[in-house]
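Under this note's numbering, residues 26 to 407 are what the sequence shown spells out, in order. For glycine and all other residues, C-beta sits at the position ideal for the given N, C-alpha and C. All of these numbers come straight from a predicted model, not from anything done at the bench. Working notes for the structure below.
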Amino acid sequence: MDYGFTREDEDFRGEVREWLAAHTGGTSDRRAWERTLGAAGWIGLGWGEDGYGNRRAGLTQQVVWAEEYARSGAPPRSGHIGENLLAPTLIAHGTDEQKSRFLPPIAAGEELWCQGYSEPGAGSDLAGIRTAAVREPGGCTYRVTGQKIWTSLAHEADWCFVLARTEPGSVRHHGLTFLLVPMDQPGRIEVRPIRQMTGTSDFNEVFFDGAHAEHVVGGEGDGWRVAMSLLGFERGVSTLAQQIGFAEELGGVVRAAVESGAVHDPVVRERLVRQWAELRTMRWNALRTLGGSGDAGAPSVAKLLWAGWHQRLGELAVLVRGAAATVGPADWSASEPYELDAAQHLFLFSRADTIYGGSDQIQRTIIAERVLGLPREPKGAV
Numbered sequence: 026m027d028y029g030f031t032r033e034d035e036d037f038r039g040e041v042r043e044w045l046a047a048h049t050g051g052t053s054d055r056r057a058w059e060r061t062l063g064a065a066g067w068i069g070l071g072w073g074e075d076g077y078g079n080r081r082a083g084l085t086q087q088v089v090w091a092e093e094y095a096r097s098g099a100p101p102r103s104g105h106i107g108e109n110l111l112a113p114t115l116i117a118h119g120t121d122e123q124k125s126r127f128l129p130p131i132a133a134g135e136e137l138w139c140q141g142y143s144e145p146g147a148g149s150d151l152a153g154i155r156t157a158a159v160r161e162p163g164g165c166t167y168r169v170t171g172q173k174i175w176t177s178l179a180h181e182a183d184w185c186f187v188l189a190r191t192e193p194g195s196v197r198h199h200g201l202t203f204l205l206v207p208m209d210q211p212g213r214i215e216v217r218p219i220r221q222m223t224g225t226s227d228f229n230e231v232f233f234d235g236a237h238a239e240h241v242v243g244g245e246g247d248g249w250r251v252a253m254s255l256l257g258f259e260r261g262v263s264t265l266a267q268q269i270g271f272a273e274e275l276g277g278v279v280r281a282a283v284e285s286g287a288v289h290d291p292v293v294r295e296r297l298v299r300q301w302a303e304l305r306t307m308r309w310n311a312l313r314t315l316g317g318s319g320d321a322g323a324p325s326v327a328k329l330l331w332a333g334w335h336q337r338l339g340e341l342a343v344l345v346r347g348a349a350a351t352v353g354p355a356d357w358s359a360s361e362p363y364e365l366d367a368a369q370h371l372f373l374f375s376r377a378d379t380i381y382g383g384s385d386q387i388q389r390t391i392i393a394e395r396v397l398g399l400p401r402e403p404k405g406a407v
């Protein structure tokens, strides 16, 4: 199979590079940056839906945009959850009214989203959800009560898509519903940032106390099917863009190995070469499945590949620096007690790669049960 880019794709690449070079740099307001992207039509390239303010781009051009964005050093995205997860889910399962309501503001960079999946005691075990939603008599409004955790960008988001249990007494994946919940509900929704040892707060706890929700995607009780469909969108183009960032990080580790002299150790050299070869393999695998391979295990295989790879890269990042990797870049202070350099941040953050987004154990169970047809793992009573 030919994975090359056409002349039209390369012309598009030139346009992307020119625009990014002219507009990146000097902005720290992530919400304003989303609006800038939206005004230029760069959000929602792969939706395949007309009338929502987004450009139309083929699959290879979506890859070009993702790769060039990753290379450009442009600001981290705040709108990627709405663009890459919710929007494809609405296109697949939403009503025309829901698409008309929610897709335009996502494409314009005006509304930000977060994902209400994980709960205390039910992180990777998504079917163990206890957050409940009760429909008000004679109406379409639900009252949501419960707690979500590790919710990225909840402190900035305007909306949250929430998986909640709407059938009392239901267990596991039965009786779940996919709800769209507005976050601006004082007294009914509380967001508590989780402060990490680095001093940052990338994740949040979210508490729902009778929060109202009026939008159901896919129908009541069909939440599991919708949720699984959404998780399937966490691959393809986004994976290829992720690999561009991985390549930049690998280049930094190689440079550090040369500077420290660790590259002369044959074991270190072998590990560096293996990282490079595995990254190339992941790229070809992502390209192979880009158009949808029909393989139910493809998302789980991809997650297993990149999570383990990135974690090993984090270990290499500190190994090649030796004792210097244990010293921070600045003196300790009460306001910034754990300031880290890039290699230290890579090492610590990558420890979570095999947990978030579905742990390695969960991914292997999915492959075993749904692809290989092995006996299902016994589940305890809920």
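With 16 or more other Cβ atoms from the protein chains shown falling within 10 Å of its own Cβ, ARG296 counts as buried.
Considering only ASP366, THR225, THR114 and GLY286, the residue with the shortest C-alpha distance to GLU274 is ASP366.
DSSP places HIS289 in the helix class (H, G or I) of the three-state scheme.
Look at LEU205 here: in three-state DSSP terms it is strand.
By the CB criterion at 8 Å, ARG197 and ALA152 fall inside the cutoff.
In the DSSP assignment, PRO218 falls within the unbroken beta strand (DSSP E) covering 214-219.
According to the DSSP assignment, HIS237 belongs to the beta strand (DSSP E) that extends over 228-238. In this structure, the straight-line span from the alpha carbon of ARG389 to that of ARG401 is close to 12 Å. Between ARG395 and GLY277, the gap from beta carbon to beta carbon reaches 8 Å or more. Relative to ARG308, the option among ASP290, PRO291, LEU330 and GLY50 whose CA is nearest is LEU330.
In the three-state reduction of the DSSP assignment, VAL345 falls in the coil class, being assigned neither a helical nor a strand state. Contact annotation: HIS48 and VAL251 have beta-carbon atoms that are not nearer than 8 Å.
Beyond the five residues adjoining it in sequence on each side, ALA182 comes within less than 6 Å, by CB distance, of LEU137, TRP138, CYS139 and MET208 in the same chain, given in chain order. Contact check for ARG213 against ASP234 passes: the beta carbons are separated by less than 8 Å. Counting other Cβ atoms within 10 Å of its Cβ, THR202 reaches 16 or more and is therefore classed as buried.
Contact between LEU204 and VAL187 holds: CB atoms are separated by about 5 Å, below the 8 Å threshold. By the 16-neighbour rule on beta-carbons within 10 angstroms, VAL169 is buried. DSSP places GLU144 within a strand segment (E or B) once states are collapsed to three. Between the alpha carbons of GLU303 and PHE271 lies a distance of about 11 Å.
Within the DSSP secondary-structure output, PHE186 pairs in a beta bridge with GLN140 and LEU205. LEU62 sits away from ILE106, with the two beta carbons spaced by 8 Å or more. Inter-residue distance for ALA64 and ASP378 is about 33 Å (C-alpha atoms, whole angstroms). Note that the stretch 231-248 does not touch the stretch 282-291; fewer than 3 beta-carbon pairs, one per stretch, sit closer than 8 Å. The beta-carbon separation of GLY104 and GLY134, rounded to 6 Å, stays under the 8 Å limit for a contact.
The beta carbon of ILE392 sits closer than 6 Å to those of GLY322 and SER325, all from its chain and outside the five residues before and after it, given in chain order. Collapsing the DSSP output to three states places THR191 in coil. In the three-state reduction of the DSSP assignment, GLN210 falls in the coil class, being assigned neither a helical nor a strand state. DSSP lists ALA157 and ASP234 as the beta-bridge partner residues of THR170. Of the residues assessed, GLU33 falls on the exposed side of the cut-off, its CB having fewer than 16 other CB atoms within 10 angstroms. If you look at HIS198, you'll find it isn't in any alpha helix (DSSP H); DSSP assigns it neither H nor E. By the neighbour-count definition (other C-beta atoms within 10 Å, threshold 16), ALA349 is an exposed residue. Contact between PRO100 and TRP58 holds: CB atoms are separated by about 5 Å, below the 8 Å threshold.
Beyond the five residues adjoining it in sequence on each side, THR176 comes within less than 6 Å, by CB distance, of CYS139, ASN229 and VAL231 in the same chain, given in chain order. If you compare the alpha carbons of PRO211, GLY200 and VAL283 with that of GLY347, the shortest gap goes to VAL283. By the Cβ-count criterion, GLU161 is exposed, with fewer than 16 other Cβ atoms from all chains shown falling within 10 Å of its own Cβ.
A distance below 8 Å separates the beta carbons of VAL206 and ALA236.
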